[in-house]
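K.L.:
Sharing a structure below in structure tokens format, with a few things to ask.
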Amino acid sequence: MNPTLDAAALAALFLDARTHNGWTDAPVSDATLQQLYALVRMGPTSANCSPARFVFVRTPEGKALLAPALSKGNLDKTMAAPVTVIAAWDMAFYEQLPRLFPHADAKSWFTGSPAMAHETAFRNASLQAGYLILAARALGLDAGPMSGFDKPKVDAAFFAGSTWTTNFLINLGHGDASRLFGRSPRLAFEEACRFA
Numbered sequence: 025m026n027p028t029l030d031a032a033a034l035a036a037l038f039l040d041a042r043t044h045n046g047w048t049d050a051p052v053s054d055a056t057l058q059q060l061y062a063l064v065r066m067g068p069t070s071a072n073c074s075p076a077r078f079v080f081v082r083t084p085e086g087k088a089l090l091a092p093a094l095s096k097g098n099l100d101k102t103m104a105a106p107v108t109v110i111a112a113w114d115m116a117f118y119e120q121l122p123r124l125f126p127h128a129d130a131k132s133w134f135t136g137s138p139a140m141a142h143e144t145a146f147r148n149a150s151l152q153a154g155y156l157i158l159a160a161r162a163l164g165l166d167a168g169p170m171s172g173f174d175k176p177k178v179d180a181a182f183f184a185g186s187t188w189t190t191n192f193l194i195n196l197g198h199g200d201a202s203r204l205f206g207r208s209p210r211l212a213f214e215e216a217c218r219f220a
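Each residue of the sequence shown is one higher than the one before, counting from 25 in my numbering.
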């Protein structure tokens, strides 16, 4: 049985953690981003398919490529964030399955069914992007996941000629607490859950 996390860890990951819209100028090091991915890659995916791909946009040149794809409401906060992660997925993720899942011929499960490959990749890459948000919080970073961008423009700017495609964006850094909105309500257990 796994141990239960203490109250401080639960607060850092869930209860006190917030979606940030403003950022301090404290940098995020490459070593921290590498440590972040080292945690993310260990999260479970079906058949260890690991379809998520991440682009850590942190240079002025990278931000300039991303800016034209952003909605007006997301532009300033994204340009101010030390890092913006393009959480993407590889449409040809199954090419890695002989190495990632050597227990069976898992690649053949997907090569004959584009719909199944799409559903599996999108679902598991979304799961991995969720792991990234939690791993960022565990490492003392704040995260601001968002939609509000032109996906074809992001794909054209960053993934032209590849099998990668954008899912959503996540701003990372050290959040400016003075820019937080009030905590929004959540659904109660009885509204969102049922026993069967």
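Ideal Cβ positions, reconstructed from N, Cα and C, are used throughout, including at glycine.
Would you mind reading off the limits of the alpha helix (DSSP H) that contains L57?
P.N.:
Taking the first residue of the sequence shown as position 1, residue 57 is located at position 33. Its alpha helix (DSSP H) spans residues D54 to V64.
K.L.:
Contact check, G197 vs A105 under 8 angstroms by CB: the rounded distance?
P.N.:
Taking the first residue of the sequence shown as position 1, residue 197 is located at position 173. Taking the first residue of the sequence shown as position 1, residue 105 is located at position 81. About 5 angstroms separates the two Cβ atoms, so the contact holds.
K.L.:
Are P75 and F117 close, meaning C-beta to C-beta below 8 angstroms?
P.N.:
Taking the first residue of the sequence shown as position 1, residue 75 is located at position 51. Taking the first residue of the sequence shown as position 1, residue 117 is located at position 93. Yes, the pair counts as a contact, with Cβ atoms nearer than the cut-off.
K.L.:
With DSSP collapsed to three states, give me the class of P176.
P.N.:
In the sequence shown, residue 176 corresponds to position 152, counting from 1. In the structure shown, P176 sits in a helix (DSSP, three-state: H, G or I).
K.L.:
If you reduce the DSSP assignment to three classes, tell me which class L151 lands in.
P.N.:
The residue given as residue 151 occupies position 127 in the sequence shown. Three-state result, L151: helix.
K.L.:
Any chance the stretch 33 to 42 sits against the stretch 155 to 165, with 3 or more Cβ pairs inside 8 angstroms?
P.N.:
In short, these stretches touch, since the Cβ pair count reaches three.
K.L.:
Count Cβ pairs between the stretch 209 to 218 and the stretch 119 to 127 that sit closer than 8 angstroms; are there 3 or more?
P.N.:
Touching, no, given that fewer than three Cβ pairs across the two stretches are closer than 8 angstroms.
K.L.:
Just checking my contact of A14 with L37 at CB under 8 angstroms: how many whole Å lie between their CB atoms?
P.N.:
Nothing can be reported for residue 14, as the shown portion of the chain is limited to 25 through 220.
K.L.:
Starting from N98, trace the alpha helix (DSSP H) in both directions and tell me its first and last residue.
P.N.:
Position 74 of the sequence shown, counted from the start, is the residue given in the question as residue 98. Start and end: K96 to A104.
K.L.:
What first and last residue would you give for the beta strand (DSSP E) that runs through A184?
P.N.:
Sequence index remark: in the sequence shown, residue 184 carries index 160 (1-based). Per DSSP, A184 belongs to no beta strand (DSSP E) and is neither H nor E.
K.L.:
The alpha helix (DSSP H) spanning P51 covers which residue range?
P.N.:
Along the sequence shown, read from residue 1 onward, the residue named residue 51 stands at position 27. Premise fails: P51 is in no alpha helix (DSSP H) and is neither H nor E.
K.L.:
Exposed or buried, which one is A50 when buried takes at least 16 other CB atoms within 10 Å?
P.N.:
Reading the sequence shown from its first residue, position 26 is the one you call residue 50. So A50 counts as exposed.
K.L.:
Just list the beta strand (DSSP E) runs in the stretch 65 to 93, keeping only unbroken ones of 3 residues or longer that don't cross its boundaries, in chain order.
P.N.:
The qualifying runs are 76 to 81.
K.L.:
Report the CB separation of A141 from T189 in whole angstroms; it is logged as a contact under 8 angstroms.
P.N.:
Here residue 141 is taken as the residue at index 117 of the sequence shown, counted from 1. Here residue 189 is taken as the residue at index 165 of the sequence shown, counted from 1. Not quite, the Cβ-Cβ distance comes to about 12 angstroms (not below 8 angstroms), so this is no contact.
K.L.:
Can you name the start and end residues of the alpha helix (DSSP H) that P122 belongs to?
P.N.:
On the sequence shown, residue 122 is found 98 positions in, with the first residue counted as 1. L121 to L124 is the span of the alpha helix (DSSP H), which, as asked, contains P122.
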